[in-house]
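Peer 1:
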Amino acid sequence: MLFTLLFTAQLLIAQPMDEERMWRTPTELLTTVHTLAESNESVSINTIGTSRNGHAIYSITVSIDGPLPREDRPAILIVAGIDGDHLLGSEVAVDIVQELLSRDNLSTTELLQSNTFYIIPQVNPDAADFYFDSIQHGQRRNIRPFDNDRDGLVDEDGGDDLNDDGYITMMRVPDLEKASRVADPDHPRLDKEPESLEGESAQFILYTEGIDNDGDGKFNEDSIGGVDLNKNFMHGYKYHQDGAGPWQLSEPETKALINFVLSHQEIAAIVVYGQHDTLSKPMKESGKDDAGAPKTIDKDDEKVYEKISKTFVELSDLKTVDQPNWDGSFVAWAYAQYGVPAFSTPLWGRPELDSKDEDPSEQKEGSSKDNNLTASDVGDISQETLDELLQAAEASGYPVTDAMIAELTPEMVEQYSKMTGVQVKRVSKESKGNTNVKGDAAWLTYSDKDRNGEGFIEWTPFDHPQLGQVEIGGWVPYFKTLPPTDKIESITSKQVDFLVELSSRLPKVHLEEPIIKELGNGLWEVKVSVVNDGWLPSGTAMSKKNKRARPFIVQIDVPNETIVTGQKVNRIWSLDGGGTRTWYRWIIQGKPMSNVSIKLFSEKFGTEITTLPLKSTKGGEV
157 MLFTLLFTAQ LLIAQPMDEE RMWRTPTELL TTVHTLAESN ESVSINTIGT SRNGHAIYSI
217 TVSIDGPLPR EDRPAILIVA GIDGDHLLGS EVAVDIVQEL LSRDNLSTTE LLQSNTFYII
277 PQVNPDAADF YFDSIQHGQR RNIRPFDNDR DGLVDEDGGD DLNDDGYITM MRVPDLEKAS
337 RVADPDHPRL DKEPESLEGE SAQFILYTEG IDNDGDGKFN EDSIGGVDLN KNFMHGYKYH
397 QDGAGPWQLS EPETKALINF VLSHQEIAAI VVYGQHDTLS KPMKESGKDD AGAPKTIDKD
457 DEKVYEKISK TFVELSDLKT VDQPNWDGSF VAWAYAQYGV PAFSTPLWGR PELDSKDEDP
517 SEQKEGSSKD NNLTASDVGD ISQETLDELL QAAEASGYPV TDAMIAELTP EMVEQYSKMT
577 GVQVKRVSKE SKGNTNVKGD AAWLTYSDKD RNGEGFIEWT PFDHPQLGQV EIGGWVPYFK
637 TLPPTDKIES ITSKQVDFLV ELSSRLPKVH LEEPIIKELG NGLWEVKVSV VNDGWLPSGT
697 AMSKKNKRAR PFIVQIDVPN ETIVTGQKVN RIWSLDGGGT RTWYRWIIQG KPMSNVSIKL
757 FSEKFGTEIT TLPLKSTKGG EV
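Heads up: the sequence shown begins at 157 in the working numbering, then just goes up one per residue.
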């Protein structure tokens with residue numbers, strides 16, 4: 157069996173460079189990892205659990221020999237594939253192993269000599285398997301059987317590929333009694349809530365493509381699974397929320413991941429590849445929950461996340477993407493309860509469109525749209541345009557009153573702008589709150605112009621056996637999640653650049669040389685400073701407040717009865733970077749030249765011991 161796996165992996169690796177790369181199944185990813193481990197002593201693989209369907213959930217360890225013992229190295233954990241539809245994260249996580257080892261680069265070598273990398277590339281392999289089915293429907297959740305409609309049956313009414321196109325998309329059903337949507341007049345392929353004041357009325361209801369399998373009058377309400385694993389962790393967990401699971405860590409996949417992390421206290425930073433984004437835009441505190449814990453990050457951690465975000469954007473070119481609520485997510489738990497800097501990125505988002513690619517219906521002659529402008533009360537005209545018109549009018553000797561401004565219409569603004577030469581600047585729909593419509597319209601443009609229309613199935617009439625005439629169409633599953641496979645190599649390279657930079661910013665906490673002073677009568681004063689020469693603080697503000705992270709321990713190794721003043725054991729919950737230091741002082745009894753040891757211990761950053769004889773010394777005194 158092992159020979160077959162290795163042979164298959166060699167065939168995959170040996171594909172011609174000009175052949176289109178294919179997404180790898182969970183089995184193929186595991187085969188690739190086994191091949192790397194077999195051929196490189198710096199790589200090892202361990203099974204940390206199994207999925208509900210029996211797939212192995214495994215971790216990869218990457219490090220190379222160096223001056224620092226492996227047991228004293230901080231570790232960086234990369235986690236991917238928690239979201240079953242995010243195959244990109246799993247691909248990049250596996251490719252990072254090869255990229256780290258193959259770069260002929262001093263910074264990468266030093267990185268692997270000073271740190272250990274743990275990589276868990278696919279937490280939810282069961283859901284990832286669905287991508288490779290003959291019919292795709294974009295499975296994100298695991299396959300825990302679940303009775304969505306509370307009828308005593310589980311997973312009995314999922315989607316069906318009625319038009320045999322290989323995708324389960326959506327149906328527009330013209331049931332006026334239940335109708336809740338109308339085609340967007342600007343983008344007829346899209347839909348929106350009707351605006352009655354604009355004379356719009358609901359025309360159809362949307363159902364997932366399929367039939368009423370269980371005859372309960374509902375359509376496709378009880379599909380396969382399951383639990384959204386990124387809602388099943390402890391921090392911000394919502395009982396009874398759709399997809400959150402019956403209880404925290406109810407799933408073997410989430411339990412395996414948590415057990416791995418808790419058994420590796422040397423993990424000093426965590427990077428997650430998945431649906432959440434904490435990197436392309438700075439994280440901010442957004443209030444507190446009922447228990448008083450921050451809903452996102454602690455305010456005192458904002459500057460750290462802002463700096464890391466800036467570095468990430470510079471290296472990856474990934475600008476602002478959607479940020480789903482992170483309640484119950486792994487990255488939220490890693491930050492708030494495990495207590496280390498934890499980041500998440502989807503790795504890819506819709507490319508920015510050129511202005512020439514904007515939909516013509518969104519532009520008018522002599523005007524421009526901008527997301528950074530200020531909205532006014534006059535249609536989509538920006539306040540900046542009104543201010544320019546006001547200045548132009550006053551400069552021409554025509555004072556404008558508030559009453560005149562109140563009567564302005566967009567058409568009047570356009571007329572006056574032509575007369576004064578002021579360019580009309582409009583606020584985009586996105587900045588006025590219609591982010592879903594604007595976002596989907598941009599995705600359509602990207603699909604049409606850059607992807608040959610492959611992202612959207614045009615609405616097509618279909619004679620439904622139970623509903624009569626409907627239309628079937630909509631977004632192709634996975635289109636908004638997965639880029640073309642020729643982007644994976646570039647994404648991987650940029651992520652390695654970021655990991656090198658992140659590792660260089662880890663805390664570097666160490667003991668300075670102690671200062672010993674003889675006081676007489678067998679008494680000695682011993683002082684030592686602990687300094688953080690790294691960039692990141694030794695613990696997040698959140699971990700310092702909740703005491704959930706493991707502290708640094710400063711201990712003087714002498715008999716308890718010889719200590720006159722000072723605590724034998726001291727804890728450092730957090731120490732800022734940039735050379736910040738804290739001092740510890742003891743007065744002890746002892747004989748001249750007898751040895752005294754001071755130990756600095758951290759589960760994340762190893763152990764440092766300084767031993768010296770009792771004699772007067774200036775040590776690290778400044």
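Note that the Cβ used here is the ideal one computed from N, Cα and C, for glycine as well.
1) Run through DSSP, which three-state label would residue 355 get?
2) So is residue 749 buried or exposed if we call it buried at 16+ other beta carbons inside 10 Å?
3) Are residue 275 and residue 252 touching if we call contact CB-CB under 8 Å?
4) Can you list, in chain order, the residues of its chain whose CB lies under 6 Å from that of residue 451, leaving out five sequence neighbours each side?
5) With residue 423 and residue 231 assumed to form a contact (beta carbons below 8 Å), what rounded beta-carbon distance in angstroms separates them?
6) Tell me the DSSP secondary structure of residue 406 in three-state form.
7) Here's the rule I'm using: 16 or more other beta-carbon atoms within 10 Å means buried, otherwise exposed. How should residue 765 be labelled?
8) What residue from 361, 180, 659 has the CA that sits closest to residue 233's CA?
9) How far does the beta strand (DSSP E) with residue 214 in it reach, from first residue to last?
10) State the DSSP-derived secondary structure class of residue 608, mapped to helix, strand or coil.
11) Relative to the alpha-carbon of residue 495, which residue among 329, 371, 730, 754 has its alpha-carbon at the smallest distance?
12) By the 10 Å Cβ neighbour count, where 16 or more other Cβ atoms means buried, how is residue 648 classified, buried or exposed?
13) List the whole-angstrom C-beta distance separating residue 236 from residue 182, where the pair is believed to meet the contact cut-off of C-beta under 8 Å.
14) What's the call for residue 805, buried or exposed, on a 16-neighbour Cβ count within 10 Å?
15) Below 8 Å, can you find three or more Cβ-Cβ pairs linking the region 332-349 to the region 284-295?
16) For residue 767, count neighbouring C-beta atoms within 10 Å of its own C-beta (all shown protein chains included) and say buried if the count is 16 or more, exposed if not.
17) Among the residues of its own chain, which have a CB less than 8 Å from the CB of residue 788, if the five just before and after it don't count?
18) Anyone know if the C-beta pair for residue 709 and residue 754 falls short of 8 Å?
19) Sort 241, 304, 224, 245 by Cα distance to residue 267 and report the nearest one.
20) Could you pull out every residue in the same chain whose Cβ sits closer than 8 Å to the Cβ of residue 618, ignoring the five residues on either side in sequence?
21) Rounded to the nearest angstrom, what separates residue 604 and residue 381 at their Cα positions?
22) Let me know if residue 395 comes out buried or exposed under the rule of 16 or more other beta-carbons within 10 Å of its beta-carbon.
23) Quick test of your reading: residue 411 and residue 399, contact by CB under 8 Å. State the CB separation rounded to the nearest angstrom.
24) Between the alpha carbons of residue 220 and residue 745, how many angstroms are there, rounded?
25) Use the C-beta contact count for residue 170: other C-beta atoms within 10 angstroms, 16 or more gives buried, fewer gives exposed.
26) What are the start and end residues of the beta strand (DSSP E) that includes residue 492?
27) Residue range of the beta strand (DSSP E) that residue 755 falls in?
28) What does the Cβ neighbour count give for residue 229, buried or exposed, with the cut at 16 atoms within 10 Å?
29) So residue 506 and residue 634 are in contact, right, with Cβ under 8 Å, and what is the actual spacing, rounded?
30) Considering only the alpha carbon of each residue, which of 473, 280, 309 lies closest to residue 207?
31) Based on DSSP bridge pairs, tell me the residues matched to residue 439.
32) Since residue 218 and residue 651 are thought to touch, with beta carbons under 8 Å apart, how far apart are those beta carbons, to the nearest angstrom?
33) Among 405, 564, 707, which has the Cα closest to the Cα of residue 486?
34) What is the residue span of the beta strand (DSSP E) that residue 625 lies within?
35) What distance in whole Å lies between the Cβ atoms of residue 331 and residue 361, which are believed to be in contact at a cut-off of 8 Å?
Peer 2: According to the structure data:
1) coil
2) Answer is exposed; the Cβ neighbour count stays below 16.
3) Contact check for residue 275 against residue 252 passes: the beta carbons are separated by less than 8 Å.
4) 442, 443, 445
5) 5 Å
6) Three-state DSSP puts residue 406 in coil, outside helix and strand.
7) exposed
8) 659
9) Residues 212-218.
10) coil
11) 730
12) buried
13) 12 Å between Cβ atoms; not a contact.
14) Since the first residue shown for the chain is 157 and the last is 778, residue 805 is missing from the structure and cannot be characterised.
15) no
16) It is exposed - the Cβ of residue 767 has fewer than 16 other Cβ atoms within 10 Å.
17) The requested residue 788 is not part of the displayed model; the chain covers only 157 to 778.
18) no
19) 224
20) 318, 319, 327, 625, 626, 627, 628
21) 33 Å
22) exposed
23) No, residue 411 and residue 399 are not in contact; Cβ-Cβ is about 17 Å, not under 8 Å.
24) 44 Å
25) In this prediction, residue 170 has a pLDDT of 40, which is less than 50 and means its spatial position is unreliable; what the coordinates show is noted afterwards. With fewer than 16 other Cβ atoms within 10 Å, it is exposed.
26) Premise fails: residue 492 is in no beta strand (DSSP E) and is neither H nor E.
27) 751-758
28) buried
29) In fact, because the Cβ distance is near 14 Å, the residues do not count as touching under 8 Å.
30) 280
31) The partner list for residue 439 (beta bridge, DSSP) is empty, contrary to what the question assumes.
32) Not really, about 14 Å apart at Cβ, beyond 8 Å.
33) 405
34) 624-631
35) The pair is a contact, with the Cβ atoms about 5 Å apart (cut-off 8 Å).
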